[in-house]
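Chemist: All letters in the sequence shown, in the order written, are residues 6 to 477 by our numbering.
Have a look at the structure that comes next, please.
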Amino acid sequence: MTTYLSTRGEAPRLRFCDVMLTGLARDGGLYVPEVWPTMSAAAIADLSGRPYWEVAVEVIRPFVAGEISDADLGRMANEAYATFRHPAVVPLRQSNTNQFVLELFHGPTLAFKDVAMQLLARLMDHVLAKRGERTTIVVATSGDTGGAAVDAFAGRDNVDLIVLFPNGRISDVQRRMMTTTGAANVHALAVEGTFDDCQALVKGMFNHHAFRDQVSLSGVNSINWARIVAQTVYYFTAAVALGAPARPIDFTVPTGNFGDIFAGYVAKRMGLPVRRLRVAANINDILARTLKTGIYEVREVHATQSPSMDIQVSSNFERLLFEASGRDSALVRNLMASLAQSGRFVLPDALLAAIRNDFDAGRADETECSAAIRAAWREAGSLIDPHTAVALAVAERDNADSKVPDVVLSTAHAAKFPDAVEAASGMRPSLPAWLDGLMTRPEHIKVVANDQTAIEQFVRSASRAAKQGIHG
């Protein structure tokens, strides 16, 4: 049975269901498996041609063993991926000779977050119902996580969901996916600040233990280990489709909070032959700078046409620091303390070298992003969103001569960012017909100051767990 420990080494070890419901460890760290499960080359090869939900069961099983039965996991995975509008769930298309695009946007809210969130909502509701408990989820979003969480958790009996997003810094489509559901258990808060402010508010709530216990606080940002595990699945399906385990594969990932690309690292630790994981950043390029210089230094966030990457504090990078340092939790605590105190830390040489063994990074500015959108339309008749465009720009510049197939993760549908796509390509992408009405339905939204105490008060008032005392 898999147990999990915190990157900071001062929280109790937990099993999967408690890790999923806990989110952030009580010492402020993030949970990772105590022992990495592995898959043999034969087991990886056997994934070829199987339905996506079956691959999900095979990849996720070792992380949940002894807590969720194969039958329950299979049923929930099948239900989750039946919500997707493409039979392959996450289809892979060739974009040029040795480059492929993995389309992760065929779910209900047109973003890669749906892949994990649709399964996570079912897993959480299942576990809470069995325990007779309720939970309150507070999630910070730079755009897509919130919409995916709202769609997945709306109307669920055992969960209240409060979403925090930076007011005026996400697209209209992204906002409306959070504010138009009408579900009584969903609350959308527009915070006067940046995504990093929203994320800091959520972390503050998790670190306020009396409040955390009162409302039975949980999180579904990529700090939640279950999110990472669910996202690991599509690295397997893409790599196997291109000949793994017999050949290595590269992945280029538009990166903000480091969760999506860390899922690729998990796949590699499990035995998938991933050669390089390439961080693709916009001008808010803290991770690209860190891999180049070894200095992680927070700077001002600049609003771009790829807002989900307008981030300076990448939460999941802590998981990589823990693994690449040989699981040195004291070092991780020191680095995180330095970040909290001074907004920067310096990686020891050995740690930076270990990270560079698996990762590299590139950045694309706004001009390069627009050029990639324009080129995709002119050369292939394909409309791509700005995050995918950043990744394609980086991949084509940094991977031009490689003989290894490179999979570029396409993380959102172009119609979520119609203004940016139209400005670059001259074509305005339209929402799928099944989202008719999204732009005209009434919105339910509350604009709030960046104030921890006031937001905690709102969460308390919205939490059925707090009112009824039904929590773990």
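All residues carry an ideal CB built from backbone N, CA and C; glycine is no exception.
Everything numeric in this text was worked out from a predicted model, so none of it was measured.
Around the Cβ of Trp439, are there at least 16 other Cβ atoms within 10 angstroms (buried) or fewer (exposed)?
Modeler: Label assigned to Trp439: exposed.
Chemist: Taking DSSP as the reference, what is the three-state secondary structure of Asn455?
Modeler: If DSSP states are grouped into helix, strand and coil, Asn455 belongs with coil.
Chemist: Taking Thr257 and Arg283 to be in contact with their CB atoms under 8 Å, please state how far apart those CB atoms are, rounded to whole angstroms.
Modeler: About 4 Å; that satisfies the 8 Å criterion.
Chemist: Quick check on the DSSP output: the alpha helix (DSSP H) that includes Ile2 runs from which residue to which?
Modeler: No information on residue 2 is available, as it lies outside the stretch 6 to 477 that the chain covers here.
Chemist: In whole angstroms, give me the CA-to-CA distance for Thr481 and Lys472.
Modeler: Within the shown structure, residues of the chain are numbered from 6 to 477, placing residue 481 beyond reach of any answer.
Chemist: For Ala470, report the span of its alpha helix (DSSP H) as first-last.
Modeler: 469 to 473 is the extent of the alpha helix (DSSP H) around Ala470.
Chemist: Assuming the contact rule is C-beta atoms closer than 8 Å, Leu78 and Val69 should be a hit. Round their C-beta distance to whole Å, please.
Modeler: With 8 Å as the limit, Leu78 and Val69 qualify as a contact, their Cβ atoms being about 6 Å apart.
Chemist: From the DSSP output, in three-state form, read off Phe350 for me.
Modeler: Note: Phe350 maps to strand in three-state DSSP.
Chemist: Terminal residues of the continuous alpha helix (DSSP H) containing Gln123?
Modeler: That run of the alpha helix (DSSP H) goes 118 to 136.
Chemist: Who are the near neighbours of Gly477 in its chain, counting only those whose CB is closer than 7 Å to its CB and skipping five residues on each side?
Modeler: Unreliable placement is indicated for Gly477, whose pLDDT of 49 sits below 50; no coordinate value is reported for it.
Chemist: With a cut-off of 8 Å, do at least 3 Cβ pairs link the stretch 312 to 325 to the stretch 264 to 279?
Modeler: In short, these stretches touch, since the Cβ pair count reaches three.
Chemist: Quick one: what does DSSP say Gly477 is sitting in, helix, strand or coil?
Modeler: Note on Gly477: pLDDT 49, under 50, position unreliable in the model; no value is reported.
Chemist: Taking the alpha helix (DSSP H) that Asn83 belongs to, which residues open and close that run?
Modeler: That run of the alpha helix (DSSP H) goes 75 to 86.
Chemist: Secondary structure at Asn479, three-state DSSP: helix, strand or coil?
Modeler: Missing from the structure shown is residue 479; the chain here goes from 6 to 477 and no further.
Chemist: Under three-state DSSP, which class holds Gly367?
Modeler: Here Gly367 sits in strand by DSSP.
Chemist: Here's the rule I'm using: 16 or more other beta-carbon atoms within 10 Å means buried, otherwise exposed. How should Lys118 be labelled?
Modeler: With 16 or more Cβ atoms within 10 Å of its Cβ, Lys118 is classed as buried.
Chemist: Is the Cβ of Asn101 closer than 8 Å to any Cβ of chain D?
Modeler: Looking at the structure shown, chain D is missing, and only one protein chain is on hand.
Chemist: If you scan the stretch 159 to 216 from start to end, which runs of the beta strand (DSSP E) of 3 or more residues do you find wholly inside it?
Modeler: 164 to 171, 191 to 196, all fully within the stretch 159 to 216.
Chemist: Pick helix, strand or coil for Ala286, following the three-state DSSP scheme.
Modeler: Residue state, collapsed to three classes: strand.
Chemist: Does DSSP classify Thr140 as helix, strand or coil?
Modeler: Three-state result, Thr140: strand.
Chemist: Please check the pair Ile316 and Phe211, which I expect to be a contact at CB under 8 Å, by giving their CB distance rounded to whole angstroms.
Modeler: Going by Cβ atoms, the distance from Ile316 to Phe211 rounds to 18 Å, so no, they are not a contact pair.
Chemist: Using a threshold of 8 Å, state whether the C-beta atoms of Ile450 and Ala195 are closer than that.
Modeler: Result yes, Cβ atoms of Ile450 and Ala195 sit closer than 8 Å.
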